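Numbering follows the numbering used here, in which position 64 of the sequence shown is assigned residue number 319; successive positions increment by one, without gaps.
This report refers to the structure that appears directly beneath it.
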Amino acid sequence: MCLVLGVPLAWVLARLEFPGRRLVRALVTVPLVLPPVVGGVALLLVFGRRGLVGGWLDQTFGVSLPFTTTGVVVAEAFVAMPFLVIAVEGALRGADVRFEEAAATLGASRWTTFRRVTLPLIAPGVAAGAVLCWARALGEFGATITFAGNFPGRTQTMPLAVYLALEQDVDAAIVLSLILLVVSVGILAALRDKWVAP
C-alpha cells in the first residue's frame with residue numbers, strides 16, 4: 256500500500272509545482288512528529304463511523320475501517336509512509352532529469368518514461384524507503400492499538416502480542432521479541448548488501 260501510494264505522491268511532490276505543495280508535504284510528514292497514539296486518534300477522527308470520511312464510507316459502501324484487519328494496514332501505512340515518501344522524493348530530486356527529457360524527446364509517454372527511465376534511476380531510493388517504511392510498520396504499536404485494537408487473529412500484530420505476553424508469559428514475550436529481531440536484522444542486512452556498495 257505504501258509503495259502504491261507513496262511513490263506517485265513522492266513524484267508529484269518532487270516534480271510538479273502546484274499551490275499547496277508545502278501543505279501536502281507537511282501533511283505527509285506529520286506522522287513523523289506525532290506520538291503514535293495521537294496518530295491513532297486522528298485516524299479515528301477521520302475514518303471512525305462518525306468521522307469526517309468514515310461516516311460517508313459506512314453509509315455509502317458499508318465499509319468500516321476501525322477495529323478491522325484493514326484498519327491495521329491503514330494505521331501502519333499512516334505512520335510508515337513518510338519514510339518512503341521522503342526517501343523517494345530525495346532520490347527524484349537527485350536524479351538527472353536530462354535522461355527523462357531525452358526519453359520524452361524520443362517520443363516516450365510520461366508513463367513509459369517513468370517506468371523505463373525514472374524508476375531504474377531511483378530504485379535505490381525506493382528500496383531504502385521501502386525498507387525504512389517496512390521497519391517502521393513492523394514495530395508500530397500506538398496507532399495500531401488505538402485505531403484497530405488488539406483482537407487476536409484479527410488485528411493483533413507482533414508488537415501487540417509481545418506487549419500482552421509480557422504481562423502474562425515473559426518467556427513467550429522474549430521468544431516473540433527474538434523472532435522480530437532476527438527477521439528484521441536478516442531482511443535489513445540482505446537488502447543493505449543488495450543496494451549499498453561496500
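Glycine included, every Cβ here is placed at the ideal spot set by N, Cα and C.
None of the values given here were measured: they were computed from a predicted structure.
Measure how close the beta-carbons of residue i and residue j come, nearest whole angstrom, since I'm counting them as under 8 Å.
i       : j       : result
Pro-379 : Ala-346 : 7 Å
Val-464 : Val-381 : Since the first residue shown for the chain is 256 and the last is 453, residue 464 is missing from the structure and cannot be characterised.
Whose CA, out of the options, lies closest to the CA of residue i?
i       : options                      : result
Thr-373 : Arg-270, Val-259 and Leu-260 : Arg-270
Thr-401 : Gly-295, Leu-431 and Leu-260 : Gly-295
Leu-387 : Ser-364, Leu-287 and Ala-335 : Ala-335
Val-352 : Thr-368, Leu-339 and Pro-337 : Thr-368
Ala-398 : Val-279, Leu-287 and Leu-260 : Leu-287
Would you tell me roughly how many angstroms separate the C-alpha atoms of residue i and residue j, rounded to the nearest one?
i       : j       : result
Ala-383 : Leu-282 : 21 Å
Thr-410 : Thr-324 : 5 Å
Cys-257 : Arg-370 : 18 Å
Phe-333 : Val-293 : 12 Å
Pro-453 : Ala-444 : Unreliable placement is indicated for Pro-453, whose pLDDT of 48 sits below 50; the coordinate value is still reported in the next sentence. So the alpha carbons of these two residues sit roughly 13 Å apart.
Thr-412 : Ala-403 : 10 Å
Ile-442 : Leu-436 : 10 Å
Leu-289 : Glu-355 : 37 Å
Ile-341 : Leu-264 : 10 Å
Gln-408 : Glu-344 : Just to set this straight, residue 408 is Gly in the shown sequence, not Gln. Rounded to the nearest angstrom, the two C-alpha atoms are 36 Å apart.
Phe-396 : Pro-291 : 7 Å
Inter-stretch contact at 8 Å, needing at least 3 Cβ pairs: the stretch 313 to 324 / the stretch 357 to 375 = no
query = Below 8 Å, can you find three or more Cβ-Cβ pairs linking the stretch 291 to 305 to the stretch 323 to 338?
reply = yes
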